[in-house]
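J.: Input: one structure, supplied below.
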Amino acid sequence: MTPLKWWQTAVFYQIYPRSFADGNGDGIGDFKGIIQKLDYLASLGIDALWLSPHFPSPNWDCGYDISDYCNVAPEYGTLDDFKLFLDESHKRNIRVILDLVLNHTSDEHSWFVESKSSRDNPKADWFVWRDTPPNNWQSCFDGDAWTYSPERDQYYYHYFMKQQPDLNWHNPAVKKATWNAARFWLDLGVDGFRLDAIGTIYEDPSLTPHNVPMNLAELRRFSDLAKTPKELKLKDEYWHDMFKNQWGQTGLHELMKELRAILDEYDGDRMLVGEDDNIDYMGSGRDELHLVFNFPLMKTNKLTPDHIRKNQAERLAGLNSLPAEKGWPCNTLGNHDSSRVRTRFGDKLHDAELARLHAALVLTLKGTPFLYNGEEIGMADYMLTDISQVRDTMGSWYYHAIVTDMGVHPEEAMARTAEMTRDKNRTPMQWSNNPNAGFSPAHVTTWLPVNPNYKDGMNIHDQEQNPSSLLNYYKHLLRVRKSSSALMEGDFVPLHDSAEDYFAFIRQSEKQSVLVVLNFSQSQLELDFSQEEAENIFKLKILFSSAERQGRESPPKFRVSPFEVFIAEIGSFN
Ligand code: GLC
C-alpha cells in the first residue's frame, strides 16, 4: 500500500479567527491570540488548521467578502503576524490551510471599485454586468441577485449578498489575478486551501429564470412555517429549484484542474478541500480536488446508525469508483455555517453522552476528520435576543424583511432570526471561567456576546483540570486514533447492517484490525459477533471505552453500556 499523504491521516481543526482568541484586548480574535493558543492546539492532538478568512474585509459576511486577497485584516494583525503564526504552527508540526473565496470579492475590493467606475475601464468585464436584470434570480442571502450600480447604469450579479459581487470567471484576467493571489500564500508556505462555495462560480449561460412562485424572503418564511409532510417536501423542492441555475454549472472541472496543477508545482503535498459534497470535483482522483466534504452525513436532524450506514455505503462507493485513483473520505459534523454539534445532534436529555458518541463517530470513520473550534469542550448554540446583537447580516436582512414587508411581530421575527443566523455558532471561544470566558479581558465588549454557560464548566481551563471532561475525552480519542494504523488508514467494513440502536464496524489496515461499536441507545445492549468468524473476532484488546473498561473481552458475545463508545483491537493475544 502506498503510504498515505499527510492530509489523509491528519485531523483538521477549523479556527474561526474572529472568535478564537483575542490577543490585544479589543473584543475580536487575532493572530497574537491564535499564536498564544498553539500549545493548547498541539496538546489537543490535532495536526492541521483550516483558518477561516483572515483577509481585509468590510465584514458584511464575516470575512467572506474579501477586499484584498494578499493581506491580513488589520483587526487580526499584520502580514508579519501571519508569517509568525505559520512558522510557529509548522514548528509544532501543525499544517495550515487557508480559505480561498473564488466566487466573489467584496464590493470594496479595488477590482470591483474599478469595474463599476465605468463601462470601459480595464476591469469592466471582471464582474458579471447586464443592462437590465435578465431574470428573477435570487441571492441566497438578501433578495434579488441583480443590484443596480448608478456609476455604470447597469446591474451586477451576486449569488451571496449585494456586497459580494460575483467575479466573471470566463475572463482569463480574473483567473490570472486570483491564481496569483493563491501563489502568494503558497509561496509563503501555506499547506493548501479550503475552497469556498465552489459550486457557485459559474451560472447557467442561458440565464434561465427560476420557476418558484415566491422570492427569497417569502421562501424563507414559507420554510419557517412549513409543517405538514407536503409543505416540507415542497419547501425542499423550492429551495432546489430557486437556485438550480446558479450553481453546479459546467466549467468547474477545468477550473479545478488549473488550480490543482498550480498546487502540484509546489513541494510538500499542498492540498485542496472543496466546500462541496460532489465527489465529481475530485476528477480522476488525481487531477482536481484532494478532498470534498461528506456533508450528507451531517445533513440530518438525527444521527442514527441507519443514516450513517447508508451514508457510508453511498460515499465510499462513489469514492472507490473514481477512474484513476480512489478518492479519500472527509467527514465533519459542524462548521461556522451550521448549528453546533452538541446542540444540533443532542436530544436535550443526553447531550453530554451524545456529544461523546458523535466525536467518536467522526474520529473513527474512514477518512480525514474536520473539527470546529469549541466542539472539543461541547460549546453549544447561543441564541441572541436583540437584533442589535446580530452580526451575521443574512440574519438581520431576514429580520427586517419579515418585520417590514410581511408584518411579522418583532418578537417572533427575532426568535426566528436567532435560530437561522450563524451567529449562534460563532460566539467567542470559552477559555476559562474568568469574565468574558477569558476570551477578552473583563469589561471589554466582545464582537458577539459570550455564551454564559462558560461559568458552568463549559470552558477549556476547567475541563483541562477535570480528567473526565469532554476535552480530555477528545485528547484521549485523538491519541488512540494516532496510535492505530487501522483507524488512520484502514478500510471500513460495516457489521450488523440492520441494528437500529448501535453502529458497529471494523477498520482494517495491513497491520491491524479494530472493532468499533457505538451504542446510540440509552440501554445496555448484548451484542453477538458469533456470525463474524470471517473477521476473526475471537479476542479483543480494548483500546478505548467510554465506559472505562480495560483489558480484554472475549467475544463473540459481550455487553455495551448505554451510549458506550467501544474500540478494540481484534487479534489473538496471549
Ligand atoms: C461559504 C462560507 C459561508 C459564506 C459563503 C459566502 O458557504 O462557508 O460562511 O457566507 O460561502 O462566501
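Quick note: the sequence shown uses the working numbering, first residue 1166, plus one each step.
Glycine included, each C-beta is placed from N, C-alpha and C at the ideal position.
A quick note: this is a predicted structure, and the numbers were derived from the prediction, not measured.
1) Relative to the alpha-carbon of serine 1232, which residue among Gly1242, Thr1243, Thr1550 and His1219 has its alpha-carbon at the smallest distance?
2) Would you call the stretch 1322 to 1337 and the stretch 1293 to 1305 in contact, with 3 or more CB pairs under 8 Å?
3) Determine whether the beta carbon atoms of proline 1534 and phenylalanine 1247 lie at a separation below 9 Å.
4) Have a look at serine 1695 and tryptophan 1344 and give me their C-alpha separation to the nearest angstrom.
5) Compare the Cα-Cα distances from asparagine 1268 to each of Asn1336, Leu1169 and Asn1538 and report the closest residue.
6) DSSP puts asparagine 1684 in a beta bridge; with which residues?
7) Identify every residue that forms a DSSP beta bridge with arginine 1295.
8) Using 8 Å as the Cβ pair cut-off and three pairs as the minimum, do the stretch 1591 to 1608 and the stretch 1514 to 1528 touch?
9) Leaving aside the five residues before and after tyrosine 1619 along the sequence, list all residues of the same chain whose C-beta is less than 7 Å from its C-beta, in chain order.
10) Assign asparagine 1258 to one of two classes, buried (16 or more other C-beta atoms within 10 Å of its C-beta) or exposed (fewer than that).
11) Looking only at its chain, what residues have a beta carbon closer than 8 Å to the beta carbon of leucine 1481, apart from the 5 residues adjacent to it on each side?
12) Jot down the residue ranges of each uninterrupted beta strand (DSSP E) in the stretch 1178 to 1240, minimum 3 residues, whole runs only, in chain order.
13) Output the distance between the C-alpha atoms of alanine 1733 and valine 1266, rounded to the nearest integer angstrom.
14) Grab the span of the alpha helix (DSSP H) containing phenylalanine 1387 for me, first residue to last.
15) If I measure Cβ to Cβ from serine 1561 and keep anything under 7 Å in the same chain, skipping five residues before and after, which residues do I get?
16) Might you give, ordered along the chain, the residues of its own chain that have their beta carbon closer than 8 Å to the beta carbon of isoleucine 1444, omitting 5 neighbours on each side?
17) Do aspartate 1318 and glycine 1433 have their beta-carbon atoms positioned less than 9 Å apart in this structure?
18) Does the distance between the C-beta of glutamine 1303 and the nearest non-hydrogen atom of the ligand GLC fall short of 8 Å?
19) For alanine 1651, which residues in the same chain have their Cβ closer than 7 Å to its Cβ, ignoring the five residues on either side in sequence?
20) Can cysteine 1227 be considered in contact with the ligand GLC, in the sense that its beta carbon sits closer than 8 Å to one or more heavy atoms?
21) What I want to know is whether the C-beta of asparagine 1459 ends up closer than 8 Å to one or more non-hydrogen atoms of the ligand GLC.
22) So does histidine 1661 have its beta carbon nearer than 8 Å to some heavy atom of the ligand GLC?
23) Cβ-heavy atom distance between histidine 1269 and the ligand GLC below 8 Å?
24) In the DSSP assignment, the alpha helix (DSSP H) including leucine 1481 goes from what residue to what residue?
25) Since isoleucine 1199 and alanine 1207 are thought to touch, with beta carbons under 8 Å apart, how far apart are those beta carbons, to the nearest angstrom?
26) Quick one: grab the DSSP three-state call for histidine 1418.
27) Does serine 1710 come out as helix, strand or coil in the three-state DSSP assignment?
28) For lysine 1467 and tryptophan 1294, what's the separation of their Cα atoms in angstroms?
29) Can you find at least 3 beta carbon pairs, one from the stretch 1535 to 1546 and one from the stretch 1282 to 1292, that sit closer than 8 Å?
30) Can histidine 1472 and leucine 1498 be called in contact, C-beta distance under 9 Å?
31) Quick one: what does DSSP say alanine 1566 is sitting in, helix, strand or coil?
T.: Looking at the coordinates:
1) His1219
2) As far as the Cβ criterion goes, the stretch 1322 to 1337 touches the stretch 1293 to 1305, which means the pair count is three or higher.
3) no
4) 56 Å
5) Asn1336
6) Tyr1667
7) Tyr1320
8) no
9) Gln1595, Asn1598 and Ala1602
10) exposed
11) Pro1494, Lys1531 and Phe1657
12) 1213 to 1216
13) 42 Å
14) 1381 to 1390
15) Ile1552 and Val1555
16) Val1457, Arg1480, Gly1483, Leu1484, Leu1487 and Gly1492
17) no
18) Glutamine 1303 Cβ: outside cutoff for every heavy atom of the ligand GLC.
19) Arg1672, Gln1673, Ser1674, Gln1677, Ser1678 and Val1679, listed in sequence order.
20) yes
21) no
22) no
23) yes
24) 1470 to 1485
25) No, isoleucine 1199 and alanine 1207 are not in contact; Cβ-Cβ is about 13 Å, not under 8 Å.
26) helix
27) Serine 1710: strand per DSSP, three-state reduction.
28) 43 Å
29) no
30) no
31) helix
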